[in-house]
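Shown next, in structure tokens, is the structure this report addresses.
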Amino acid sequence: MSMVETIYMPSENDFRGKTKKFNGVQNGGKISNGCHKKTKQVDEETEKAWEKDFCETFEETPMLAAISTYIGYLILVAVGHVREFLKSIGIGVVKCVAEPKIPGFVPLYQTWESFYSWYVYRRIQDCFCRPVSGVPGAKMVVIDRESNDHRWSFQYTGGHSTVLNFGSYNYLGFSQNSGPCAEEVEQTIKNYGVSVCGSRQELGYLDLHKQMDRLVADYLGVEDAYTVPMGFATNSMNIPSLVGKGCLILSDELNHASLILGCRLSGAKIKTFKHNCMKDLEKNLREAIVDKQPRTHRPWKKILIVVEGVYR
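Heads up: the sequence shown begins at 1 in full-length UniProt numbering, then just goes up one per residue.
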């Protein structure tokens, strides 16, 4: 199964300096978005509260934590250089990673290129590259191992540990081999096969796709939507089929590189707006409609708003 990514074009009512009622946003947990159904306007108090609350903030790193981290890293690098020097004169050589000098052959490991792997990463590599037994779902089983030579090498103990998985792209539970997702997939494959083996223009559009498109559109509160397999080529190659010269793309400033490449390949005029800021998007949208195309001042053929569903 593949992931899906959605590109949609909201209607003009989606941008009036507010969020729409269907998104369930509660500003500060006190005031709703204040959009009146009849007037389609937002009262001043709510708009100010929205501007104040709708901002992404990140906790500043404490000075003590930053300084101690830098000092610890500098000590680690300094000790690594000392050990590298001692190894060059034959002291403290680890036989399992020592490379024999063969006449006429270039050394496999270069001193500086391997420095981080040997003297920095090696000390903490027991936390990384853990062998996994089974499927990497919400929980997974890792194989236990131990080291007797300061993590230059590992030996398996024969034990296993069940851990929570926080490092996966398993958004929809596709990597699990049990549960409702796996059961639905099994039944769907029996009815529809593994793949449609064709594009939408070549009998590759099933009723399941139509249901999913409708479900996504209803969830987003827009007129329509279409879903496509997720990937770099999906974004970079499909956007040029939607817009071209004489069109305008309003792109979120934190969009993925694949979306940026697709926008550039389209030949359309590109204008960015602040990340997740509907007020800045509305401002750019109004200016684009009023000012129109440069020089000719003709209306834009299309105005495409490109945003991501999940920012990584």
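Even glycine gets a Cβ: it sits at the ideal position worked out from N, Cα and C.
* Sort 258, 163 and 83 by Cα distance to residue 236 and report the nearest one. => For this step, residue 236 is matched to residue 236 along the sequence shown. Out of 258, 163 and 83, 258 has the C-alpha closest to the C-alpha of residue 236.
* Asked: Going by C-alpha distance, which of 150, 242, 283 and 130 is nearest residue 92?
  -> Numbered from 1 along the sequence shown, position 92 holds the residue referred to as residue 92. Nearest option by C-alpha distance: 150.
* Asked: Is the beta carbon of residue 160 less than 8 Å from the beta carbon of residue 117?
  -> Here residue 160 refers to the residue found at position 160 of the sequence shown. Here residue 117 refers to the residue found at position 117 of the sequence shown. One thing to note: residue 160 has its Cβ no nearer than 8 Å to the Cβ of residue 117.
* Asked: Residue range of the beta strand (DSSP E) that residue 140 falls in?
  -> For this step, residue 140 is matched to residue 140 along the sequence shown. It spans 139-146 - the beta strand (DSSP E) in which residue 140 sits, taken as one unbroken run.
* Please list, in chain order, all residues of the same chain as residue 301 whose beta carbon is under 7 Å from its beta carbon, the five residues on each side excluded. => The count along the sequence shown starts at 1 and reaches residue 301 at position 301. Same-chain partners within the cutoff: 246 and 247.
* Just grab the DSSP bridge partners of residue 160 for me. => By 1-based counting over the sequence shown, the position of residue 160 is 160. Paired residues: 143.
* Among the residues of its own chain, which have a CB less than 7 Å from the CB of residue 261, if the five just before and after it don't count? -> Taking the first residue of the sequence shown as 1, we reach residue 261 at position 261. The residues are 236.
* **residue 58, buried or exposed, once every other Cβ within 10 Å from all chains shown has been counted against 16** => Looking up residue 58 in the sequence shown gives position 58. With fewer than 16 Cβ atoms within 10 Å of its Cβ, residue 58 is classed as exposed.
* Minimum C-alpha distance to residue 166 - residue among 148, 139 and 192 -> On the sequence shown, position 166 is the one that residue 166 refers to. Checking every option, the nearest Cα to that of residue 166 belongs to 139.
* Residue ranges of each beta strand (DSSP E) run of no fewer than 3 residues wholly in the UniProt domain "Aminotransferase class I/classII large" (162-308), ordered along the chain? -> 226-229, 248-252, 269-273 and 303-306
* Integer-rounded CB distance, given that residue 250 should sit under 8 Å from residue 279 -> Position 279 of the sequence shown holds residue 279. Position 250 of the sequence shown holds residue 250. Not quite, the Cβ-Cβ distance comes to about 13 Å (not below 8 Å), so this is no contact.
* Per DSSP, cross-strand counterpart(s) of residue 155 -> On the sequence shown, position 155 is the one that residue 155 refers to. In the DSSP output, where bridge partners are listed per residue, residue 155 has 146.
* So, helix, strand or coil for residue 31, using DSSP? -> Here the question's residue 31 lines up with position 31 in the sequence shown. In this prediction, residue 31 has a pLDDT of 39, which is less than 50 and means its spatial position is unreliable; what the coordinates show is noted afterwards. Three-state result, residue 31: strand.
* Asked: At what residues does the alpha helix (DSSP H) containing residue 69 begin and finish?
  -> Stepping through the sequence shown from its first residue, residue 69 is reached at position 69. From DSSP, the alpha helix (DSSP H) with residue 69 extends over 63-88.
* Asked: Can residue 305 and residue 266 be called in contact, C-beta distance under 8 Å?
  -> Here residue 305 is taken as the residue at index 305 of the sequence shown, counted from 1. Here residue 266 is taken as the residue at index 266 of the sequence shown, counted from 1. Not a contact, by the Cβ cut-off of 8 Å.
* Going along the chain, which residues of its own chain have a beta-carbon closer than 8 Å to the beta-carbon of residue 188, five neighbours each way excluded? -> If you number the sequence shown from 1, residue 188 lands on position 188. For residue 188, where only same-chain residues beyond five positions count, the Cβ hits under 8 Å are 208.
* **Beta-carbon proximity check, residue 181 vs residue 173, cutoff 8 Å** => Along the sequence shown, read from residue 1 onward, the residue named residue 181 stands at position 181. Along the sequence shown, read from residue 1 onward, the residue named residue 173 stands at position 173. For residue 181 and residue 173, yes; Cβs fall inside 8 Å.
* Paired residues, beta bridge with residue 316 - DSSP -> In the structure as shown, the chain begins at 1 and stops at 312. Residue 316 is therefore absent and cannot be evaluated.
* Mind checking residue 66: buried by the 16 CB within 10 Å criterion, or exposed? -> Working through the sequence shown from its first residue, we reach residue 66 at position 66. Per the 10 Å Cβ criterion, exposed.
* Asked: Nearest-angstrom Cα distance between residue 30 and residue 199?
  -> Within the sequence shown, numbered from 1, the residue matching residue 30 stands at position 30. Within the sequence shown, numbered from 1, the residue matching residue 199 stands at position 199. At residue 30 the pLDDT is 39, less than 50, meaning the model places this residue with poor confidence; the figure from the coordinates comes in the next sentence. Distance between the alpha carbons of residue 30 and residue 199: 48 Å.
* Out of curiosity, what's the CA-to-CA distance linking residue 131 and residue 147? -> Numbered from its first residue, the sequence shown carries residue 131 at position 131. Numbered from its first residue, the sequence shown carries residue 147 at position 147. The straight-line gap from Cα to Cα measures roughly 14 Å.
* Asked: Buried or exposed: where does residue 129 fall if 16 or more other Cβ atoms within 10 Å of its Cβ makes it buried?
  -> Taking the first residue of the sequence shown as 1, we reach residue 129 at position 129. So residue 129 ends up on the exposed side.
* Asked: Should residue 297 be labelled buried (16 or more other beta-carbon atoms within 10 Å of its own) or exposed?
  -> For the purposes of this step, residue 297 is taken as the residue at position 297 of the sequence shown. Classification for residue 297: exposed.
* What's the C-alpha gap between residue 291 and residue 284? -> Taking the first residue of the sequence shown as 1, we reach residue 291 at position 291. Taking the first residue of the sequence shown as 1, we reach residue 284 at position 284. The alpha-carbon atoms of residue 291 and residue 284 are separated by roughly 10 Å.
* To do: Kindly indicate which residue of 299, 282, 143 and 225 has the alpha-carbon position closest to the one of residue 158.
  => To locate residue 158, count along the sequence shown from 1; it is residue 158. Comparing Cα positions, the closest option is 143.
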